[in-house]
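S.K.: After the structure tokens below, expect a handful of questions from me.
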Amino acid sequence: MDEQSMPHEKGLDNTVHVLKEGYRYILNRRKSFQSDVFETRLLGQKAFCIGGEAAAELFYDTTKFKRAGAAPKRVQKTLFGETGVQTLDGEEHLHRKEMFMSLMSPEKLDKMDKILKKQWEATAEKWAEQDEIVLYHEAQEVLFRTACEWAGVPFEEREVAELAADLGKMIETPAEIGPAHWIGRHDRNQTEKWMENLIEQVRDKKLSPPEGTALAVFSWHQDLEGNLLDANTAAVEVLNIIRPIVAIAIYINFTALAVHEYPAAKEKLAAGDPKQLQAFVQEVRRFYPFFPFQGAIVKKDFTWQGYEFEEGTLTILDIYGTNHDPVLWKNPEVFDPERFMDWKESPFSFIPQGGGDFLGGHRCAGEWLTIKVMNTCLDYLANRMEYEVPQQDLSYSLDKMPSIPHSEMILKNIRMKN
Ligand code: HEM
1 MDEQSMPHEK GLDNTVHVLK EGYRYILNRR KSFQSDVFET RLLGQKAFCI
51 GGEAAAELFY DTTKFKRAGA APKRVQKTLF GETGVQTLDG EEHLHRKEMF
101 MSLMSPEKLD KMDKILKKQW EATAEKWAEQ DEIVLYHEAQ EVLFRTACEW
151 AGVPFEEREV AELAADLGKM IETPAEIGPA HWIGRHDRNQ TEKWMENLIE
201 QVRDKKLSPP EGTALAVFSW HQDLEGNLLD ANTAAVEVLN IIRPIVAIAI
251 YINFTALAVH EYPAAKEKLA AGDPKQLQAF VQEVRRFYPF FPFQGAIVKK
301 DFTWQGYEFE EGTLTILDIY GTNHDPVLWK NPEVFDPERF MDWKESPFSF
351 IPQGGGDFLG GHRCAGEWLT IKVMNTCLDY LANRMEYEVP QQDLSYSLDK
401 MPSIPHSEMI LKNIRMKN
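Here it is as structure tokens:
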């Protein structure tokens, strides 16, 4: 195909439109340009925005894109630290990613699930004594306890509420510009110090986390040259386990919302059929907003669909928009778990946690874990607990990133069923 000029959004800098239109920024322009690729200017630089299945396949081709330098500093400083696996490429990335994936064996995930059930049920006893709870904060604490126990990280009971909320803020703030971002940054410094201190205690043999847990594995992990990671990098990586597990609270909120708002879909879960539970979880991950976009940098010049991609240009993949792409999903704005009952899996059409390959690429290391946690929590919310959902503001915004139901899901009169 001959080279052609790419659809182009006018304006010196369009970051303000991203902030205004949020999750739908790329999808809106893909519709108006009738194109899965367009050029714009974001955060003071030229950027290509791409979306759809073929675009996702392109984006995860590591011969074409790299990650070093892709994330804005403000996102690195809050969301994932400056030396984490997300910023690595090639052999170094593969070696570090293997360290993460070694934690995700079926046995280790089953162990995590057992801890989660224990923590959920213990906490549910306390819920039964309260008039009402805010599910988001409660889920953050349950997940924080689960994550720490599973990762071999000790914590003081009196620290739970604060640490869980701090980790939550690291996720709630990165896309915001202004004071909220600075809080996120402060919390990262504090939590990194807390974790660095634990890594040092492990290395000084003052603390011995159980073998095979994240704290043990990451404390003693050697890089390609046979050196231990510096304490800060090891801390960043343990937090790359703890923090996103706490973040699953956002999906649990949306799961509870879906159980409440789609009674016909909930009905189908009553028999506890794992296939139905899984389909519901997948639809929650497709339908509701979480990660909006993902960035990478063009490694060297290439042409795609007749358009030229120049080396060094920031390229942004539309995660939310690909999951809502009418070419890929029939009635994408309808919540319908049935679509996943006979879904033909593709690593590039359904990408709430990134696409492509786990080891060879940057697909989320915690995707299986997330799905398992959501299945367990869905079963509790739909089948194993009784509660009321009082009048509250259950709406959520597609403009604000990340998004969550405004009331954070207040539940009343909670009882575990026998
Ligand atoms: C990467 C989403 C949970 C660990 C990612 C990426 C996304 C994502 C979009 C980037 C993919 C890319 O770079 O192309 C999510 C969502 C979650 C979640 C929506 C729901 C809460 C988790 C969990 C863990 C985890 C529970 C760990 C236990 C990671 C790691 C990476 C990553 C380590 C970096 C992978 C790499 O760069 O190779 N996640 N994630 N995430 N996620 Fe998750």
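According to the UniProt record's numbering, the residues represented by the sequence shown are 1 to 418, in order. Glycine included, C-beta positions come from ideal geometry on N, C-alpha and C.
(1) What does the alpha-carbon distance come out to for the pair F65 and T313?
(2) On a Cα-Cα basis, can you pick out the residue from K169, L317, E310 and R203 that is closest to T191?
(3) For a test of your reading of the model: does the CB of K97 fall under 6 Å from any non-hydrogen atom of the ligand HEM? Yes or no.
(4) Under 7 Å between the Cβ atoms of L135 and L411?
(5) In terms of residues, what are the limits of the alpha helix (DSSP H) holding D318?
(6) In the DSSP assignment, find the beta strand (DSSP E) that holds V373 and state where it starts and stops.
(7) In terms of residues, what are the limits of the alpha helix (DSSP H) holding C49?
(8) Please classify D36 as buried or exposed, where buried requires at least 16 other C-beta atoms within 10 Å of its C-beta.
(9) With a cut-off of 8 Å on the beta carbons, I'd call A56 and I351 a contact; round off their distance for me.
(10) Using the Cα positions of F340 and N227, report the straight-line distance between them to the nearest angstrom.
(11) Since I404 is in the beta strand (DSSP E), which residue starts that stretch and which ends it?
(12) Run through the region 215-290 for me and flag every whole alpha helix (DSSP H) of 4 or more residues, listed as ranges in chain order.
(13) Which whole-angstrom value is the C-beta distance of E310 and V298, which I expect to be below 8 Å?
(14) Kindly examine the ligand HEM and report whether one of its heavy atoms sits closer than 6 Å to the Cβ of P289.
(15) Kindly indicate which residue of M112, E156, T233 and I133 has the alpha-carbon position closest to the one of P390.
(16) Is the region 188-207 close to the region 228-246, with three or more CB pairs under 8 Å?
(17) At 4 residues or longer, and completely inside the region 4-60: list those alpha helix (DSSP H) runs for me, N to C.
M.R.: The structure says:
(1) 10 Å
(2) K169
(3) yes
(4) yes
(5) No alpha helix (DSSP H) contains D318, which is instead part of the beta strand (DSSP E) from L314 to D318.
(6) Element bounds for V373: not the beta strand (DSSP E) but the alpha helix (DSSP H), E367 to D379.
(7) Per DSSP, C49 belongs to no alpha helix (DSSP H); it is in the beta strand (DSSP E), Q45 to I50.
(8) buried
(9) 6 Å
(10) 45 Å
(11) Neither: I404 is in no beta strand (DSSP E) and is coded neither H nor E.
(12) 231-261, 263-267 and 274-287
(13) 6 Å
(14) no
(15) I133
(16) yes
(17) 15-21, 25-33 and 53-59
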